[in-house]
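Heads up: the sequence shown is residues 6 to 503, going by the numbering used here. C-beta atoms are modelled at their ideal positions from N, C-alpha and C, and glycine is treated no differently.
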Amino acid sequence: MSLLLTEDEIAAMRPAEALPALPIPMQVISNGEFVPAPATGRQRRVARRVQEIAAEEAPRQGLSRRGFLRSGAGLAAAFLALNEVHGEVFAVSRAEAATPDLHAARAARLAGQFVMDVHTHFLRDPLPPALRRFLNLRNLAARQRWNPDLAGREATEMDLKFDNYVKEIFLDSDTAVAVLSGAPSDRPEDWFLTNQMKRDARARINGLAGTRRLLTQSVFTPGQPGWMEEVERSIAEDAPDAWKGYTIGDNTHQDESRFPWRLDDERLMYPFYERIRRAGLTTVAIHKGLFPPAAAARNPRLTPYAGVADVARAARDWPDIDFLIYHAAYRNAPPNEAAALFEATGRMEWLSDLAEIPDRHGVRNVYADVGAVFASVVIGHPRLAAGMIGTLVKGLGADRVLWGTDSVWYGSPQWQIEALRRLTMPEDLKARFGLPDLGPEDGPLKSAILGGNAARLYRVEPRRAALEGDGIAALRRDYAARGGPERHRSLHAWGYVT
């Protein structure tokens, strides 16, 4: 997450906690990297329909309306409502919303599916100055009672920090292993987490677990004074599991960004690749996309750095470096425009260019992470979400698409996990654009995307059973004994809405 927004844009928005407490946030939520589109008529219809189903089913199941919405049956109701409004895109039945035992049986059947999230965040202590206005918005929501759950208490920094991160990622979702990411700034105080902070968080969680539950990325900042010295320090002291970079430079203060760079810059980047290759740390995640027209208008010189024109040559010249393109390079055009373009042509800006790199350039070391963009698209245009996954699988290969959620900004990632599990490929999209079938929820394709591909890349044991005796599993059992997610899931998201 980063605050690329102007003061006027921020003033026109509300915190995402102002949304109705639903199993799925039925409106596009910005993680701070773009101005979110306002709720559409369809999204408002879905939200109303979920509330109607809750009003019908909660009394039958002996639950409060909120208790129903927290439950697996409530989550099924949300997908049912999405289908009613958008057409049959999700595999769900009314019986799942009406029969809690069906959800329990389904959850038990999927309990062994390995889920690894390669794109997660929380914030540092103390909160960076650039993010204090984000917390102030949340406190304003509490004072104005936009969200009844916040009434009577001030929002705390911990809502966006370590303890909440552990709860929402490891207790309220099926996520077994997570990768902790970060975002740099030209201002040192505005990094979300320093590389050392990520290292310490990994030690804390993995020390509790006794296994590898949390992996880390060290952020690198080409062009900044002393950046290679920080790479050397991080190799020696942090032992990162991967690297993370932003080719547009400072993503927190984008208008002031002084050090944009290209992946294929031989003078600047090739010595870095050689160094990390010698260190045996060859997984490199790169923020691309999420650069809508408004951002381009404010700082047009950054547009060439936000796209994927520099990916192919770097991947070809460095075949033993794995390039993970975050956000699948999705440009983030206005959602209705993106959906219209896709329905007419089968293409999505920049994402389709990324997917075509292997065929055009003969490389196999380019991956796509779907963090943030899957969440944003699937709630407003489920057919576009199916097309997104299908396009990436068709172009990059089923073994090169990675699961990421950009949580905790979108709340507990469980609803996103369920959305991918239930997502189907409409028959007309298969016929018109040659997109692949997505298969069953526990089939080879979705299992690969949800965890198998990342496990191979990060050298993690890809069996949920391998973690069942560790400290996190013990926490999950204790949490379940106290009611688990169906009693304690917050239904909150953390970000901006308009």
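Rounding to the nearest angstrom, what Cα-Cα distance links Arg-238 and Arg-209 in this structure?
21 angstroms
Residues near Leu-407 by beta carbon distance below 6 angstroms, same chain, minus five either side:
Val-123, Tyr-372, Asp-374, Asn-458, Ala-459
Based on Cα-Cα distance, which residue from Leu-128, Arg-217, Glu-194 lies nearest to Gly-187?
Answer by Cα proximity: Leu-128.
In the structure shown, what three-state DSSP assignment does Phe-139 receive?
Residue confidence is low: Phe-139 scores 49 on pLDDT, short of 50, so the model does not pin down where it sits. Its coordinate-derived value is still stated next. Phe-139 falls in the helix class under three-state DSSP.
Roughly how many angstroms separate the alpha carbons of Met-121 and Met-393, rounded to a whole number?
20 angstroms
Val-313 (DSSP reduced to helix, strand or coil):
coil
Can you give the Cα-Cα distance for Glu-446 and Ile-454, rounded to whole angstroms?
11 angstroms
Would you mind working out which of Ala-302, Ile-281, Asn-304, Val-184 sits nearest Val-465, comparing C-alpha positions?
Val-184
Hey, would you say Gly-294 sits closer than 7 angstroms to Ala-334, going by beta carbons?
yes
Mapping DSSP to helix, strand and coil, what is Arg-158?
For Arg-158, the predicted model reports a pLDDT of 46, less than 50, meaning its position is unreliable; a value from the coordinates is still stated below. The answer is coil: DSSP assigns Arg-158 none of H, G, I, E or B.
Looking at the structure shown, is Arg-456 part of a helix, part of a strand, or coil, going by DSSP?
It should be pointed out that residue 456 corresponds to Gly in this sequence rather than to Arg. It is helical.
Please name the residue in His-386, Gly-367, Asp-106 whose C-alpha comes closest to that of Glu-93.
His-386
Report the option in Asp-364, Thr-257, Gly-400 whose CA atom is closest to the CA atom of Arg-352.
Gly-400
Spell out a yes or no on whether the segment 186-200 and the segment 221-231 are touching, meaning 3 or more CB-CB pairs, one atom from each, closer than 8 angstroms.
yes
Between the C-alpha atoms of Thr-125 and Val-90, what's the straight-line distance to the nearest angstrom?
30 angstroms
Could you give the DSSP three-state label for Gly-185: helix, strand or coil?
What sits at residue 185 in the sequence shown is Leu, not Gly. If DSSP states are grouped into helix, strand and coil, Leu-185 belongs with the strands.
Quick check on the burial criterion: 16 or more other C-beta atoms within 10 angstroms. Buried or exposed for Pro-467?
Buried is the call here.
So, for Pro-193: in the same chain, excluding its five sequence neighbours on each side, which residues have a beta-carbon less than 6 angstroms away from its beta-carbon?
Cβ contact annotation for Pro-193 (same chain, cutoff 6 angstroms, sequence separation greater than five): none.
Could you have a look at Gly-395 and say whether DSSP puts it in helix, strand or coil?
helix
For Asn-88, count neighbouring C-beta atoms within 10 Å of its own C-beta (all shown protein chains included) and say buried if the count is 16 or more, exposed if not.
Classification for Asn-88: buried.
In or out: Leu-332 buried (at least 16 other Cβ within 10 Å) or exposed?
Position check: residue 332 holds His in this sequence, whereas Leu was assumed. With 16 or more Cβ atoms within 10 Å of its Cβ, His-332 is classed as buried.
Pick from Pro-339, Leu-346, Ile-362 that is closest to Ala-317, judged by C-alpha positions:
Out of Pro-339, Leu-346, Ile-362, Ile-362 has the C-alpha closest to the C-alpha of Ala-317.
N- and C-terminal bounds of the alpha helix (DSSP H) containing His-504
Because the chain spans 6 through 503 in this model, residue 504 falls outside it and cannot be assessed.
Beta bridge counterpart(s) of Lys-166 as assigned by DSSP:
DSSP lists no beta-bridge partner residue for Lys-166.
Less than 8 angstroms between C-beta atoms, sequence neighbours within five positions excluded: which residues of the same chain meet that for Val-368?
Ala-317, Ala-320, Arg-321, Pro-324, Ile-362
For the putative contact between Val-398 and Leu-450, defined by C-beta atoms under 8 angstroms, what is the C-beta separation to the nearest angstrom?
7 angstroms
Check whether Ala-82 and Ile-58 have beta carbons under 7 angstroms apart:
yes
Could you have a look at Val-368 and say whether DSSP puts it in helix, strand or coil?
coil
Since Asp-255 is in the alpha helix (DSSP H), which residue starts that stretch and which ends it?
Here Asp-255 belongs to no alpha helix (DSSP H), and DSSP marks it neither H nor E.
Quick one: which unbroken alpha helix (DSSP H) runs of 4-plus residues sit fully inside the segment 37-73? Chain order, please.
List check, alpha helix (DSSP H) in window: 46-65.
Report back the beta-carbon spacing between Arg-354 and Ala-338 to the nearest angstrom; my notes put them in contact at under 8 angstroms.
Correcting the residue type first, residue 354 is Glu in the shown sequence and not Arg. Approximately 6 angstroms separates the beta-carbon atoms of Glu-354 and Ala-338; this is inside 8 angstroms, confirming the contact.
Arg-336 to Phe-296, Cα distance in whole Å?
5 angstroms
Verify whether the separation of the beta carbon atoms of Asp-177 and Arg-427 is less than 7 angstroms.
no
Round the Cβ separation of Ala-102 and Glu-62 to the nearest angstrom and send it over; I've been treating them as touching at under 8 angstroms.
6 angstroms
C-beta contact flag for Ala-214 and Gly-476 at 7 angstroms:
yes
Helix, strand or coil, according to DSSP, for Met-430 in the structure here?
coil
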